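For the sequence shown, this note's numbering assigns the number 780 to the initial residue and increments by one for each residue that follows. Reading through the structure tokens given below for one structure.
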Amino acid sequence: MTGTFSQQAHVRVAIIGGGPSGLRAAAELAGLVDGEVLVIERESAAGGIPRHCAHTGFGIRDLGRSMSGPAYARRLTERAVRAGARVMTSSMVTGWAGERALEVTSPAGRMIVQADVVILATGARERPQPARLIPGARSAGVLTSGELQGLVHLDGRRFGGRAVVVGSELVSWSAVLTLREAGCRTVAMATQAEQREAYGLVGALGRLALRVPVLTSTRVTRVLGQQAVTGVEVEAIDSGERRIIDCEIVVFSADWIPDSELARAAGLRMDAMSKAPVVDTALRTSRPGVFAIGNLLHPVDTADIAALDGAAVVSHVMAFLGGSSMSSDSIDLIAQEPFRWIAPARLRMDARTPPRGRLLAWSDERRYLPTIVATQAGRVIGSVRSPWPCVPGRVFRIPVRVLSGADPAGGPITIGLR
Ligand SMILES: Cc1cc2nc3c(=O)[nH]c(=O)nc-3n(C[C@H](O)[C@H](O)[C@H](O)COP(=O)(O)OP(=O)(O)OC[C@H]3O[C@@H](n4cnc5c(N)ncnc54)[C@H](O)[C@@H]3O)c2cc1C
């Protein structure tokens, strides 16, 4: 621990991150826990990413209705506060002062929050231009879609001109809508994927209604311009042919990375592929009393799925606070191609069911009617046929019954496709 801390506090549960996952966990835990449930949020208001997204499409699975992002963020915040949780905004957790003690910096100064349970709910962010190794001058016209949402929806910025959006996932289409709201025309979307990544219907509606050409098998090789963006250079992956698209704004969308600095700083076991902390099916990290939920674990799924993680963690937190002993009986789940990662990545034998009874996976290949196969010690222990395709660019959900034949003593389980 370094520096001086003006205050110390003890809470029963500290939740880092006031997005959908953290707020939902807070709303449920506040009514159950004997003691304070504290949400620590670095932004000036709670709500997480939805607070920045004016479009509708939030809350379908958790609240049973489709709401705008800001309305959804407000609803989740109100629920948490009404249930008795304290939401501390403009406050950032900057490090650890012990197993479950947090260093927090806020306008009131620096403090230590000691908690009996810590829940990491810090979400995920998009890789910016430098992290994608795309050369070109950095200028105000180069944004991630998260930054774009903040500028347009929170700061009310308006700008005309033309934009190129890198990516064709759902969030990329969301960026196109935001650009339109800001008065800017999207002249192209560019994706390295061979086919568009967004759900078919969304992609089709987007192309028809917004009339944006989607360039597949295309990569952006350079951002042009010095003080201001003047265009991007794109390359057709198959032919190597390059051309310039004139624009004043470039939006780098998707290509997610978990906000996992605190998890790494704690020395938690990490997943090398997803860069997220490893949790078991009860959302426990490798440190007792430290749990993780939301897009920090599965970059990036929808907000309702993140919120339902927040609901699912509650019984496991209560069991820990109630002193129930943790079984060490668990098995590693290993992603096999085309899957890049699986979350949760450990099957806990005394709590086998992950949130919503689904394992989440990221696929690097597109497969229709896939059959998911689980193998342990060279033996197939389960298989499930899915009506849903697995597609690069969106989370694929696997019913946990694929693990029903797991042998507690059988060693790691590999999950792949037939
Ligand atoms: C442009 C865009 C459009 C989207 N559209 C939809 C949609 O239409 N429907 C849908 O369901 N989903 C949508 N999503 C996805 C949805 O926003 C996420 O799934 C959801 O917000 C994840 O919730 P979370 O709680 O895991 O993380 P987040 O919402 O990212 O919240 C994490 C919070 O943690 C805080 N935090 C991080 N580190 C610290 C720290 N050290 N100290 C304090 N606070 C910290 C952050 O400030 C943030 O508020 C969209 C996402 C984007 C980017």
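Backbone N, C-alpha and C define an ideal beta-carbon position, used for all residues, glycine too. These numbers were taken from a predicted model, which means no experiment stands behind them.
TODO: Report all residues from its chain with a CB closer than 6 Å to the CB of S924; omit the five preceding and five following residues, and keep chain order.
DONE: Excluding positions up to five away in sequence, the list reads V950, A954, V1030, S1032.
TODO: Leaving out five residues on either side along the sequence, give the residues of the same chain with a beta carbon under 7 Å from the beta carbon of Y905.
DONE: The sequence as given places Glu at residue 905; Tyr does not occur at that position. Annotation for E905: T923, S924, G925, F1031, S1032, A1033, D1034, W1035 place their beta carbon closer than 7 Å to its own, counting only its chain and skipping 5 residues before and after.
TODO: Report, in whole angstroms, the separation of the C-beta atoms of E1012 and T1000, which I expect to be a contact under 8 Å.
DONE: In this structure E1012 touches T1000 by the C-beta definition: roughly 5 Å separates them, less than 8 Å.
Open item on the list: Give me, in chain order, the residues of the same chain whose beta-carbon lies closer than 7 Å to that of T1099; leave out the 5 immediate sequence neighbours on both sides.
Closed with: First, the amino acid is wrong: residue 1099 is Phe here, not Thr. Here the set comprises V896, G1068.
- [ ] Compute the minimum distance between the beta carbon of F837 and the heavy atoms of ligand 1, and state whether it is under 7 Å.
- [x] The answer is yes for F837.
Task: Reduced DSSP category for V755 - H, G, I as helix; E, B as strand; rest coil - done: The chain is shown only over 780 to 1197; residue 755 falls outside these bounds and no answer can be derived.
- [ ] Inspect the beta-carbon positions of I1194 and I1177 and report whether they are closer than 8 Å.
- [x] Contact annotation: I1194 and I1177 have beta-carbon atoms nearer than 8 Å.
- [ ] Only counting runs of 3 or more residues, tell me where the beta strand (DSSP E) segments fall wholly within the region 790-838, in order along the chain.
- [x] Taking 3 residues as the shortest admissible run, the region 790-838 contains the following complete beta strand (DSSP E) segments, listed from N- to C-terminal end: 816-819, 835-837.
- [ ] Give the DSSP-derived three-state secondary structure of E1014 in the structure shown.
- [x] Note: E1014 maps to strand in three-state DSSP.
Open item on the list: So, with DSSP's three-state summary, where would you put V944?
Closed with: Strand, per DSSP.
Open item on the list: I'd like to confirm something about V897: is its beta-carbon nearer than 7 Å to some heavy atom of ligand 1, or not?
Closed with: Checking the Cβ of V897 against ligand 1 gives no.
Task: Extent of the continuous alpha helix (DSSP H) run through F1070 - done: F1070 -> not in any alpha helix (DSSP H); beta strand (DSSP E) instead, spanning 1069-1071.
Task: Check: A900 C-beta below 7 Å from any heavy atom of ligand 1 - done: A900: yes, Cβ under 7 Å from ligand 1.
TODO: Please report the Cβ distance between T1064 and R1127, rounded to the nearest whole angstrom; I am assuming they are in contact, meaning their Cβ atoms lie under 8 Å.
DONE: For T1064 against R1127, the beta-carbon gap comes to about 12 Å, at or over 8 Å, which does not count as contact.
Open item on the list: Give me the residue from E807, Q928, I1160, R1180 with the minimum Cα distance to G1136.
Closed with: G1136 has its Cα closest to that of R1180, out of E807, Q928, I1160, R1180.
TODO: Please classify M890: does DSSP put it in a helix, a strand, or coil?
DONE: Shown here, M890 sits in a strand according to DSSP, grouped into three states.
Open item on the list: Using 8 Å as the threshold, is the C-beta distance between I1121 and L1138 below it?
Closed with: The Cβ atoms of I1121 and L1138 lie closer than 8 Å to each other.
Open item on the list: Can you tell me whether V1079 is helix, strand or coil according to DSSP?
Closed with: The DSSP-derived three-state label of V1079 is coil.
Open item on the list: Can you give me the C-alpha to C-alpha distance between F920 and L956, rounded to a whole angstrom?
Closed with: Sequence inspection shows Gly at residue 920; the Phe mentioned does not correspond to that position. The alpha-carbon of G920 is positioned some 17 Å away from that of L956.
Open item on the list: Can you tell me which residues form a DSSP beta bridge with V1057?
Closed with: Residue pairing of V1057 in beta bridges, as defined by DSSP: absent, with no partner found.
Task: Residues bridged to Q1155 (per DSSP) - done: Answer by DSSP bridge pairing, in chain order: R1158, I1192.
TODO: State yes or no: is the C-beta of Q928 nearer than 7 Å to some heavy atom of ligand 1?
DONE: Yes, the Cβ of Q928 comes within 7 Å of a heavy atom of ligand 1.
Open item on the list: So, for H1077: in the same chain, excluding its five sequence neighbours on each side, which residues have a beta-carbon less than 6 Å away from its beta-carbon?
Closed with: Around H1077: A1122, L1139, V1174.
Task: Beta-carbon proximity of A900 to V790, cut-off 8 Å - done: One thing to note: A900 has its Cβ no nearer than 8 Å to the Cβ of V790.
Open item on the list: Among the candidates A793, V866, E857, whose CA atom is the shortest distance from the CA of E822?
Closed with: Cα-wise, what sits closest to E822 is V866.
Open item on the list: Which of the three DSSP states is assigned to T957 in this structure?
Closed with: Reduced to three states, the DSSP call for T957 is helix.
Task: Through-space distance from D1017 to G1089, alpha-carbon basis - done: Looking at the two C-alpha atoms, the distance is approximately 43 Å.
Open item on the list: Can you look up P1037 in the DSSP assignment and give me helix, strand or coil?
Closed with: Annotated three-state conformation of P1037 is strand, per DSSP.
TODO: Report the residue from R1043, M968, P799 whose alpha carbon sits nearest the alpha carbon of D841.
DONE: When each option's Cα is compared against that of D841, the closest is P799.
Task: CB contact flag (L1047, P1056, <8 Å) - done: Inclusion of L1047 and P1056 in the CB contact set at 8 Å is warranted, their separation being smaller than that value.
Open item on the list: Give me the DSSP bridge partner(s) of E874.
Closed with: Looking at the sequence shown, residue 874 is not Glu but Gly. For G874, which the question treats as bridged, DSSP gives the partners E882.
Open item on the list: Comparing C-alpha positions only, which one of E1020, E1027, G801, A1015 sits nearest to Q1006?
Closed with: For the residues E1020, E1027, G801, A1015, the minimum Cα distance to Q1006 belongs to E1027.
Open item on the list: Between the alpha carbons of P914 and V1002, how many angstroms are there, rounded?
Closed with: For P914 and V1002, the distance between alpha carbons rounds to 6 Å.
- [ ] Have a look at G1004, L994, L927, D1025 and flag the residue whose alpha-carbon is nearest the alpha-carbon of E1014.
- [x] Of the residues G1004, L994, L927, D1025, the one whose Cα lies closest to the Cα of E1014 is L994.
Task: Same chain, Cβ closer than 7 Å to P1133, five either side skipped, listed in chain order - done: Counting only Cβ-Cβ distances below 7 Å, and skipping sequence neighbours, we find T1060, P1123, V1179.
Open item on the list: What I want to know is whether the C-beta of R879 ends up closer than 7 Å to one or more non-hydrogen atoms of ligand 1.
Closed with: Between ligand 1 and the CB of R879, the shortest heavy atom gap is not smaller than 7 Å.
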